[in-house]
Structures are given as structure tokens and as C-alpha cells.
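Accompanying notes for the structure given below.
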Amino acid sequence: LFFGDGVGTSSWTAARFAAGTPQAERFPVAGLVDTRSSSHRVTDSAAGATVYATGMRTYNGAIGVGPDSLPLRTILEVARDRGMSTGLVATSAITHATPASFAAPVVSRRMEPEIARQMAAQEIDVLLGGGRMFFDGTAEDASDLLPALRERYAYVETAETFRALRMDTVTALLGLFDPAGMPPAPERSLTLAEMTGAALELLDRNPDGFFLMVDGSQPDSPGHA
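When you read off a place in the sequence shown, starting at 1, and then add 9, the result is the number in our numbering.
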């Protein structure tokens, strides 16, 4: 499941004006999806991603919970319970609203230390993105989760160590490449394509299949502006 975060029809139109026909137009089928929240006509990333992850509309700011604040079952959990491998990739913090909605039910998207703790407790095979400060204890209210996570994952923090991995020996991968969100694409040493490729290489080994959510997080910021 690939997201262009904050991207709608106006974004694709702008892309066409700027750079010609987008690659997405090669797909034989296109459609529109309504991700309104239960509280506002204009959704936010948390409620919008929760619709995709769970099929349920919820209030703006909610992560994987319904309008009653109770946790909802996500597609990632359905896949995992079927024996499939799972992964989340983002160029924001991995604890940000969109990836978090698939793995960590909380009543507010601002609860990133708690989101990190819940992600660490899940059996997710690939986690790649920013947000290291929520896993190493340096953010306010955060816990140092890395010692335990290093026992389960091949762990990397830089593009160099990521590219040096022997993926045929990796069974679970955690990459936290920035204390917060990763830099915009022109300033980033690691591309979303590289991260996605590594995730696919690892997850596709499972004969029962996999679920992977990839969030191209950066379009959202100029969209807000």
C-alpha cells in the first residue's frame, strides 16, 4: 500500500504540469477514495490513515482508534495473524500519524513515545524511517527501547550501514535514520526507493505473502504550505 501523503487530484495535476505524465498514470485503473474524518470535513493524516488501516472513520488526530477511542483491528494485524510478514516504511518519523495508524492505537497522534513503545511490542518485520528520538529515550517521555530491539532486529542508523547490510542474512530490519522526520528528498542520502526495495526483498521471502505500507511522507508539507 503506497501513500503519497497529502496527495490528491490537485497534486497529480501539478505534477503533470511540472514534469509531464506521472508514472502513476500507467496503472490501468484509477479511482477516488473518500477519507473524511468523523469530526471534520477536512481530514488529517491520523484520521485519514486510520480509514485506510481499519475501514472506520474517526476523529481528527486519532490513531487506530474509533470515534469512541477504542482500538480498531488493522489490516497489518489481519495480515500478521494470517502468517504474513509485515512492514512499515516512511520518510517521516515512523511514529508519525500515517505509519502509526497501522500499528499503534492511541487517542492522539501526539503520543509518539507511546506509539514507539507499542510498535516495539508488535511483531513487525520491517520498520524504516525517522523518529529515532522516540526509541532511544532522548525525546520527552520516551523510553530507551533500542537495547531490546537490537536483539530482534538488524539495526541501522545511516545510509552507509544500511547499504552495507547483507540482506540475505537479515530476518528483521529496523532503520531509524533521523532523530525526527527524514530530510526532504533532495537533501536525503537514502532514497525511499532503496528503503522500499530492501523491505520488499526481506518480506517477499514469506511463502504466505506480506503486507507493506510505504508512506512517501514529504508531499504533505508543501501541501500544508
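Ideal Cβ placement from N, Cα and C applies to all residues, glycine included.
Straight-line CA distance for residue i to residue j?
i, j, result
"Asp213", "Asp177", "12 angstroms"
"Gly15", "Ser230", "8 angstroms"
"Leu209", "Ser47", "34 angstroms"
"Ala102", "Ala194", "14 angstroms"
"Val51", "Pro37", "29 angstroms"
"Tyr162", "Phe26", "43 angstroms"
"Pro80", "Gly73", "6 angstroms"
"Leu8", "Met222", "What is shown of the chain runs 10 to 234, which leaves residue 8 out entirely."
"Ala56", "Asp224", "15 angstroms"
"Ala39", "Phe111", "24 angstroms"
With 16 other CB atoms within 10 Å as the buried threshold, where does residue i fall?
i, result
"Pro216", "exposed"
"Gln32", "exposed"
"Gly96", "buried"
"Asp263", "Absent from the structure is residue 263, since the part of the chain shown begins at 10 and ends at 234."
"Glu34", "exposed"
Could you tell me which residues DSSP pairs with residue i in its beta bridges?
i, result
"Leu201", "Paired residue(s): none; Leu201 is not in a bridge."
"Val264", "No statement about residue 264 is possible, as the shown extent of the chain runs from 10 to 234 and does not include it."
"Gly184", "Leu137 and Val165"
"Val179", "The partner list for Val179 (beta bridge, DSSP) is empty, contrary to what the question assumes."
Measuring only from the beta carbon, is residue i closer than 7 angstroms to any heavy atom that is part of the ligand HEM?
i, result
"Glu132", "The model on display carries no ligand, and the ligand HEM is accordingly not part of it."
Within the segment 117-177, note down every full alpha helix (DSSP H) run reaching 4 residues or more, in order along the chain.
121-130, 155-161 and 168-172
Stretch-stretch touch, CB-based, cutoff 8 angstroms, three pairs: the segment 149-158 with the segment 118-134:
yes
Under 8 angstroms, with one C-beta from each stretch per pair, do the segment 137-148 and the segment 177-191 reach the 3-pair mark?
yes
Output the residue ranges of the alpha helix (DSSP H) runs that lie fully inside the segment 11-99 and measure 4 residues or longer, sorted by chain position.
18-28, 54-63 and 84-90
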